[in-house]
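J.: For the record, the sequence lines run as chains A and B. Numbering-wise (this note's numbering), the first sequence opens with residue 7 and increments by one. Numbering-wise (this note's numbering), the second sequence opens with residue 1371 and increments by one. Glycine is no exception: its CB is placed at the ideal position from the N, C-alpha and C atoms. Note that the coordinates shown come from a computational prediction; the quantities given were computed from them, not determined experimentally.
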Amino acid sequence: MNDMTPIQTTLKDWETDQEVRWCPGCGDYAILKAVQRTLPQLGADPANTVFVSGIGCSSRFPYYVESYGFHTIHGRAPAFATGIKLANPALDVWLVTGDGDGLSIGGNHLMHVLRRNVNLQILLFNNEIYGLTKGQYSPTSRIGTTTPSTPQGSVDRPANPCAFALGAGARFVARGFDVSKNLPEVLKAAYAHQGAAFIEIFQNCVVYNKDVFNDFAQPKGADDRQLWLEDGQPMLFAGGTKGIALDRDLLELKVVDVAGGDWEAAGVIVHNARNRSIAHMLVEAPFGPFPMALGVIYDDPRPTFEGAVTEQNAQASAGREPNLAKLLAKGQTWTVTGTAADPV
Amino acid sequence: MATQTADRPADSPRPGAAAAPEAVVVRFAGDSGDGMQLTGGQFTLSTALAGNDLATFPDFPAEIRAPQGTLFGVSAFQINFGSTEIETAGDAPDVLVAMNPAALKTNVGALKPGGLIIADTGEFTKRNLEKAKYETNPLEDGSLAKWDLLAFDISALTIEAVKPFGLGNKDALRSKNMWTLGLALWMFDRDRQPLIDWLNAKFKGKPEIAAANVAALNAGHAYGETAELSGPLKRLTIAPIESEPGLYRTITGAEGVSLGLVAGAQLAGLPMFFGGYPITPASAILHHLVRLKEFGITTFQAEDEIAAICAAIGASYAGQLGVTSSSGPGIALKTEAMGLAIMTELPLVIVNSQRGGPSTGLPTKTEQSDLYQAVYGRNGDAPLPVIAARSPSDTFEVAIEACRIATQYMTPVILLTDGYIANAAEPWLVPDPAAYAPFPVAFLEEKNDGDTLLPFKRDENGKRPWIKPGTPGLMHRIGGIEKAIDTGHIDYSPATHQAQTDARKAKIDGIQIPDQEVTLGDTTGRLAVVGWGSTFGPIHQAVRRARKRGLAVSHIHVRHVWPLPKNLGELLGGFDRVLVPEMNTGQFKTVLRDQLYVNAESLTKTSGQPFAIAELDAAIAKFFDGIPGNEGGEVDADSTQLPTPESGHDDGSLKAVQP
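1) Quick check on the DSSP output: the beta strand (DSSP E) that includes Gln1724 (chain B) runs from which residue to which?
2) Throw me the rounded Cβ distance for the Ala1638 (chain B) and Val1899 (chain B) pair, which I believe falls under 8 angstroms.
3) Rounded to a whole number of angstroms, what is the C-alpha to C-alpha distance between Gln127 (chain A) and Gly159 (chain A)?
4) Using 8 angstroms as the threshold, is the C-beta distance between Leu1754 (chain B) and Ala1769 (chain B) below it?
5) Does the beta-carbon distance from Gly81 (chain A) to Phe57 (chain A) come in below 8 angstroms?
6) What residue from B:Pro1733, B:Gly1684, B:Tyr1862, B:Lys1663 has the CA that sits closest to Ser1696 (chain B)'s CA?
7) Quick test of the definition: if touching needs 3 or more C-beta pairs under 8 angstroms, does the segment 1605-1615 of chain B touch the segment 1623-1632 of chain B?
8) Indicate whether at least one CB of chain A lies closer than 8 angstroms to the CB of Pro1437 (chain B).
9) Closer than 7 angstroms, Cβ to Cβ, to anything on chain B: give me those residues from the segment 310-322 of chain A, in chain order.
10) Is the Cβ of His2019 (chain B) closer than 8 angstroms to any Cβ of chain A?
11) What separation, rounded to the nearest whole angstrom, lies between the Cα atoms of Leu1824 (chain B) and Val289 (chain A)?
12) Taking a Cβ distance cut-off of 7 angstroms, strictly less, list which residues of the segment 1695-1725 of chain B are near chain A, in chain order.
13) Counting only the same chain and skipping the five closest in sequence on each side, list residues whose C-beta sits under 8 angstroms from that of Pro1648 (chain B).
14) Could you check whether the Cβ of Tyr351 (chain A) sits closer than 8 angstroms to any Cβ belonging to chain B?
15) What does DSSP give as the partner residue(s) for Gly62 (chain A) in the beta ladder?
16) Can you round the beta-carbon distance between Pro164 (chain A) and Ser147 (chain A) to whole angstroms, since I take them to be within the 8 angstroms contact cut?
17) With DSSP as the reference, label Cys1773 (chain B) as helix, strand or coil.
18) Rounded to the nearest angstrom, what separates Tyr143 (chain A) and Glu206 (chain A) at their Cα positions?
19) Using only the alpha-carbon positions, how far apart do Gly173 (chain A) and Met117 (chain A) sit?
20) Verify whether the separation of the beta carbon atoms of Leu1408 (chain B) and Asn1547 (chain B) is less than 8 angstroms.
21) Just curious, the beta strand (DSSP E) that Tyr74 (chain A) is in, first and last residue?
22) What did DSSP end up calling Met117 (chain A) once you bin it into helix, strand or coil?
23) What residues from chain B crowd round Glu258 (chain A), counting only those whose CB sits closer than 8 angstroms?
24) Curious, which full-length beta strand (DSSP E) runs of at least 3 residues does the segment 1773-1851 of chain B contain?
25) State the start and end residues of the unbroken alpha helix (DSSP H) segment that holds Phe86 (chain A).
26) Between the alpha carbons of Trp20 (chain A) and Asn1831 (chain B), how many angstroms are there, rounded?
27) Tell me whether Thr1705 (chain B) sits in a helix, a strand or coil according to DSSP, three-state version.
28) In chain B, which residues lie less than 7 angstroms from Pro68 (chain A) when you measure between Cβ atoms?
29) Taking C-beta pairs closer than 7 angstroms, name the residues in chain B that Phe131 (chain A) reaches, listed in chain order.
30) In angstroms with no decimal places, state the Cα-to-Cα distance between Ala1472 (chain B) and Asp1490 (chain B).
31) Return the residue from the list B:Pro1728, B:Gly1843, B:Phe1643, B:Asp1401 that minimises the CA-CA distance to Glu1815 (chain B).
32) Can you check DSSP and say which residues form a bridge with Tyr304 (chain A)?
33) Compare the C-alpha of Gly1692 (chain B) against each of B:Ser1653, B:Val1632, B:Thr1528, B:Tyr1742 and name the closest.
34) What distance in whole Å lies between the Cβ atoms of Gly1684 (chain B) and Ala96 (chain A), which are believed to be in contact at a cut-off of 8 angstroms?
35) Contact between the segment 313-323 of chain A and the segment 130-140 of chain A is defined here as three or more beta-carbon pairs at a separation below 8 angstroms; is this criterion met?
36) Gly1747 (chain B) and Glu1737 (chain B) - do their beta-carbons sit closer together than 8 angstroms?
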């Protein structure tokens, strides 16, 4: 995000006249609405906002947001976004990608945009499937996923987007899901973060991978299976009857029962979004034995890439006049008068 | 000191022994760690200061530090200079400076009969002779009888010269190239002072190193006097050439491209964004531009070639002049993104410093084999303009032209240079930037159709408006999907795709480019020799020679490869025959046949070496010898020409050599 004078807009101001062309029931609709609902709350300016995407279902997103938008090529959106931010750091850039676009063909660029810490928001829609190409398994598909390209079930181990992001050096990592009422809060936190803010958004592909996240995303029993993290608050779930504690012998997380609300006695950890070690443990904690960690998992800003580049450019240019004639005549030169040459 | 005078008929003069020649070719060859490129570069400068015209050819191995003393670790630098116009690095050298046995072995075959060899006996040890695969010492076994030989212990003389500065032998020997340069400066009657100034500036923080190098330089120079008295060495004074008065400097193609891009961005009134990824021989452009930030240049070393072009397109989208550069393999990776720049109609300059291919090919050698890639090599009907530089100094003009076309037509432009142009140096009459007409860019600031914004509404040149994100009220979306006329909304309908394909083609076809002129010779005749890119020098010299012999030959050198100049077909129609010499298997010949229905014939060379003038002489002669059907053809690899076959490739002997 950038420090701009807040602009008064409404959800309507962020809707384009284009017909939205996702499948009926697609989780993308909910994410689009969440974003369009959040942008006015951020005071964002449509004229100063750019949505950049790659290729895939998620990457159609810019066409539906009334701002500047660039639908680029498969996997490369982070590189385009980097060029945009370096050319004009004042722009608010949102990058929309998917599990195939961002972690398969574009894995390299995603790693580097995070490592460099370009100041933008990355929304990675994870539906664990290639939707636009009609349902092949993706790098986040679970082992055994049966698809047209894996009729006997996939055999390769899936990538973990948040672990990838942390490993790449991300300074903001969060999780949400399409229909979650908390998604706008996560978006706001990402926007407030100066630097590359990575959000994995679980998204329901109703055609090719229907309800694959239901085990934690369905409303019934959600509280037992979702751990919503809040900075400074204990990691509690299941109505405060369970929490996350640190097994100090094994140096790993464990689920503990909390009796009578006395979470301190149970050793429940207070979430500190600047604790990188705990963040690693949270994103690696397997769902099932553990609830799904959601919300802002890690948020510890560092100087941004475009800030450093701009500063270095200014320092290198300070006191140096951009005189082209002088530049051309630089180095060892000589003057020809008639046939004699004299060094200058 | 071993000296020997070439066996030659009594009436045959030594080179230089009689009147000074018009031009001399000198080749410096040594181990890749011997500093031959630096020696050559400084000799080039002193040559330029002496008022001679010149052309150079640096040839270095693909390995940074190939094992010492090996044949494939030889680095060479050839310079042709004289009192007449010089446009090539010359065919065969008159003088060879060989710093070790491997350098002698790989280069001596190129030396003109009766030419002079200067060799460092200090390096002709048993071990180095073995590495160079010599069974006996060539300096002693009489095998060099057809050349003059001046062999002495340059290593020992250098150590002696720098002794007062307290350097160890290893450091002392680093000054060997300066010693050799001193001798060369003596041979050609050159002023040492500019070089001494340069050494003092270069080693400003290390005065003892500067002093040692200056001492070595002076010692080499003094040695010339001694050698002249007792051996084959003769001092030559090459008269200065009549040049257009003005301020000159030497320039390489990489420098020329960089300066031209800076000038082009200024003429367009835009900041420049350069996205690059390290690749030989294109990296030099990034290295130049990164030091010019005060000109509003942002450089970005990306994670790969794809990101480099994508970031440049992103910057163009945001309102800067996006530029990326690479060589063949990297250009291949950038191809998909070029299609997006074509589809979204954003300006972009793509520089391809061509090298031998396919695949990794010959990283440090030259070729012109990416022409098909530039003209035809994208998915879909994806036309873009392609222009080619013909010499190191021409790159400046061509880079400006690329910026002009990119911004005036909202299109990516490919600028072709090659390894030869990128690395070679020539004198350059420094231009006055004010002499170039500016082509300022105007961004769209308000809606362009009443209350409506039409991001793809074309002007009379077929160009769409350039709209920077951040501009109030002009929010819109662009992308790689086919789009409706004017509005740019997604539209795959058949009529739309047909209309937009036609519009994209018409825009490129309609680019205003100057008419083709005849570079040398008449506008009609028996033969037109048509070239593009770095074949300019040898073609020009060969055509000049042929015309002196009275042959009706003209040289036509094409800068605008795509689209071609509108008058080119008519111009070529004035010639009976058309010969296209190229460092590839005939790619431009195919383009000419395809576009102009002209019966162009090929002369091809794919050895990673530039054409020798003699090869073109021979090819031109065949059109006048009355033997039908022998014209054109293929030029064989020449084991004596730079680059040498031994240099610049890993032939497996890396493992055989113990460090």
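T.: By the coordinates alone:
1) 1718-1724
2) Between Val1899 (chain B) and Ala1638 (chain B) the Cβ distance is about 35 angstroms, and since that is not below 8 angstroms, they are no contact.
3) 34 angstroms
4) no
5) no
6) B:Pro1733
7) no
8) no
9) Val315, Asn319, Ala322
10) At His2019 (chain B) the pLDDT is 39, less than 50, meaning the model places this residue with poor confidence and gives no usable figure here.
11) 46 angstroms
12) Glu1706, Ala1707, Leu1710
13) Leu1656, Gln1671
14) Chain A is shown only over 7 to 350; residue 351 (chain A) falls outside these bounds and no answer can be derived.
15) Paired residues: none, contrary to the question.
16) 6 angstroms
17) helix
18) 18 angstroms
19) 9 angstroms
20) yes
21) 74-77
22) helix
23) Per Cβ cutoff of 8 angstroms: no residues; Glu258 (chain A) is ~33 angstroms from chain B at best.
24) 1782-1788, 1795-1799, 1847-1849
25) 83-93
26) 34 angstroms
27) helix
28) Arg1847
29) Ordered by position in chain B, no residue passes the 7 angstroms Cβ test against Phe131 (chain A), which lies about 17 angstroms from the chain.
30) 12 angstroms
31) B:Gly1843
32) A:Val179
33) B:Val1632
34) Not a contact, Cβ separation roughly 15 angstroms.
35) no
36) no
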